[in-house]
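Protein chains in written order, with the working numbering: chain A, 22 to 121; chain B, 408 to 824. Report on the following structure.
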Amino acid sequence: MLLIHCPYCEADHPELEFANAGEAHIVRPREMSNMSDEDFEAMFFIRDNPKGVSLERWRHVHGCGRFFNALRHTVSDTFLKVYKAGEARPSNDEIAKLIK
Amino acid sequence: MKNFSALSLAREAMRGHKGWEKHWRSPEPKKQYDIIIVGGGGHGLGTAYYLAKEHGLTNIAVLEKGWLGGGNTGRNTTIIRSNYLYDESAGLYNHSLNLWETLSQELNYNVMFSQRGVMMLAHNVHDVQSAQRHIHANRLNGVDNQWLTPQQAKDYCPPLNISKDCRYPVMGAALQRRGGVARHDAVAWGYARKASAMGVDIIQNCEVTGINRAPSGEVTEVETTRGTIGAKKVGIVAAGHTSVLMEMAGVRMPLESYPLQALVSEPVKPVFPCVVMSNAVHAYISQSDKGELVIGAGTDSYLSYSQTGSMHILQHTLDAIVELYPMFSRMKMLRTWGGIVDVTPDRSPILSKTPVKGLYVNCGWGTGGFKATPGSAHVFAHTIAKDAPHHINEGFTLDRFRGGRLIDEAAAAAVAH
């Protein structure tokens, strides 16, 4: 079981308190009816599924109930960083530094 | 290739089994093949076998990064059934079940296919309605499936607890009598042996690290840890690592990879006569011929390539097992392990051409690919050989997510399956 740091509660809690909510930083379009099939497929179905650093959303369902984002390595399952929803996506340089 | 027969077994028994040959050749990779299959599990080896047998194509290599059947082929709980809801799925999985019934004879290799019946439990009103809907749809599609009352379920599987005060009360069950189990390693080995005998090169410890394309777009070669190998066609059959491999060819996939766990108990005398699945509480159980209880658990909730899984997932499954089969409460569990399963948004597989010429993909089997091994391999071989799908896998395209024509077994089952 993972130990996850909630950036709102500022504490480590067991994974059972959290729900994974899939890939982070996918922007839901304002005018979905105007999207092309290609754009809709890319937004709704296509996923990075990286063997490496995953940018993903978690929700502290059995705690504060809030969504936040995390960087996690999908081979070691180690959390590299957590940050609040709405904060900017870490740059690739920053991600590369975290892996080292 | 030496055939197995009563005579050859008797002859070898008399002389200390010294005359058996290796089941498949292990040649050095050639510079160029007509077709390269990436992934030496059951689906990949089967694809090579059917390409050779049905389409007369033998200039083929199967590249495997580890050892044959060491991925999900050797990690699953070997359950075989075909009682899926939608027409496309029923067609594909029943095609597979038909091939299973003669596979041992066809391969001259005992895959220990045992049609002991697969029973799926219903624990609440929704389960009952969903199971009965499946049964009716299955019958219309010529797939055997029948409804059992709790007492009939217990008669079929005596260890089952059907008492009313059970935490997961049994309100009935759907039984597919043609379903069962098979020996997973033997499936990989049997296909490998026959394919190799027909001229297919099986190359283990050979990881694909790149897929190269011509300026006009088609695949030309794959880069591997054992050098660059040319190919006119490449079939990716790599389960959990499909996204990683397809990325090498510039194709992004509608897949997510999760760890799925299984475990086995200490071996005991025969106590469990069939396969029982409980989708609602994620507990799948059968007994191997060796006597171990083989138990399937659920997936973790997050992406991972770790080939392991969390303890609380196993605990949840074992809670349910002990509740449903109280006699197992003192059994010791011997081993647990995980495999990485690639899951599509509609929980149906992808057996398809891709936007890249000469590149084909067989993936997205999620938590239930083993049962489909022969059927999947058979229609995927057709897809590669003819550069067009077999009528059975016409619907299982990669671009169905663009057009919206999903085969939504996820909604049909409401759980992983």
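Virtual Cβ for every residue (Gly too), placed ideally from N, Cα, C. Given the structure is predicted, the values throughout are model-derived calculations rather than measurements.
Residue i (DSSP reduced to helix, strand or coil)
i        : result
B:Gln539 : helix
B:Arg600 : helix
B:Leu721 : helix
B:Ala595 : helix
B:Trp507 : helix
B:Asp608 : strand
B:Arg418 : helix
B:Gln522 : coil
B:Ser713 : coil
B:Asn501 : helix
B:Arg546 : helix
B:Asn515 : coil
A:Ala40  : strand
B:Ser496 : helix
A:Arg78  : strand
B:Gly579 : strand
B:Lys438 : coil
B:Thr804 : coil
B:Met684 : strand
B:Thr454 : helix
A:Pro28  : coil
B:Glu471 : coil
Residue i versus residue j - alpha carbon distance
i        : j        : result
B:Gly579 : B:His543 : 15 Å
B:Ala727 : B:Ser496 : 29 Å
B:Val644 : B:Met718 : 29 Å
A:Pro111 : B:Ile702 : 41 Å
B:Ser415 : B:Leu514 : 16 Å
B:Met527 : B:Ala656 : 40 Å
B:Glu428 : B:Phe411 : 11 Å
B:Gly617 : B:Pro566 : 51 Å
B:Gly498 : B:Gly597 : 24 Å
B:Gln722 : A:Leu24  : 17 Å
A:Arg80  : A:Arg87  : 5 Å
B:Gln559 : B:Gly698 : 25 Å
B:Val651 : B:Gly771 : 13 Å
B:Tyr563 : B:Leu555 : 9 Å
Selection from the options that minimises the alpha carbon distance to residue i
i        : options                                : result
B:Val777 : B:Asp551, B:Ala468, B:Arg422, B:Arg590 : Looking at the sequence itself, residue 777 of chain B is Phe, so the reference to Val does not match. Among B:Asp551, B:Ala468, B:Arg422, B:Arg590, the Cα nearest to that of B:Phe777 is on B:Arg590.
B:Ser695 : B:Lys437, B:Leu458, B:Asn483           : B:Asn483
B:Lys739 : B:Leu725, B:Ala687, B:Gly647, B:Thr751 : B:Leu725
B:Thr465 : B:Pro436, B:Tyr440, B:Leu475           : B:Tyr440
A:Arg78  : A:Glu36, A:Ala40, A:Ala117             : A:Ala40
8 Å CB neighbourhood of residue i in its chain, flanking five on each side removed
i        : result
B:Cys573 : Glu730, Leu731
7 Å Cβ shell around residue i - same chain, five flanking residues per side excluded
i        : result
B:Ser511 : Asn517, Val518, Phe520
B:Lys601 : Tyr456, Leu514
A:Cys85  : Cys27, Tyr29, Cys30
B:Lys561 : Leu567, Ile569
B:Gly765 : Glu625, Val626, Lys639, Lys640, Val641
6 Å CB neighbourhood of residue i in its chain, flanking five on each side removed
i        : result
B:Asn568 : Leu731, Pro733
B:Tyr493 : Ile814
B:His462 : Ala792
B:Asn800 : Leu758, Val786
Check: residue i C-beta below 7 Å from any heavy atom of the ligand ATP
i        : result
B:Ala669 : No copy of the ligand ATP occurs in the structure displayed, which carries no ligand at all.
Chain E within 8 Å of residue i, Cβ atoms only
i        : result
B:Ser415 : No chain E is present in this structure, whose protein chains are A and B.
Evaluate the contact criterion for the segment 664-683 of chain B versus the segment 51-58 of chain A: three or more CB pairs, one atom per stretch, below 8 Å. no
Is the segment 749-766 of chain B in contact with the segment 657-673 of chain B, if contact means three or more CB pairs nearer than 8 Å? yes
Taking three-plus beta-carbon pairs below 8 Å as touching, is the segment 93-111 of chain A in contact with the segment 22-29 of chain A? yes
Check whether the segment 607-614 of chain B touches the segment 788-798 of chain B, counting contact only when three or more Cβ pairs, one atom from each stretch, lie closer than 8 Å. no
Assess, as a yes-or-no matter, whether the segment 459-479 of chain B is touched by the segment 437-451 of chain B under the definition of 3 or more beta carbon pairs within less than 8 Å. yes
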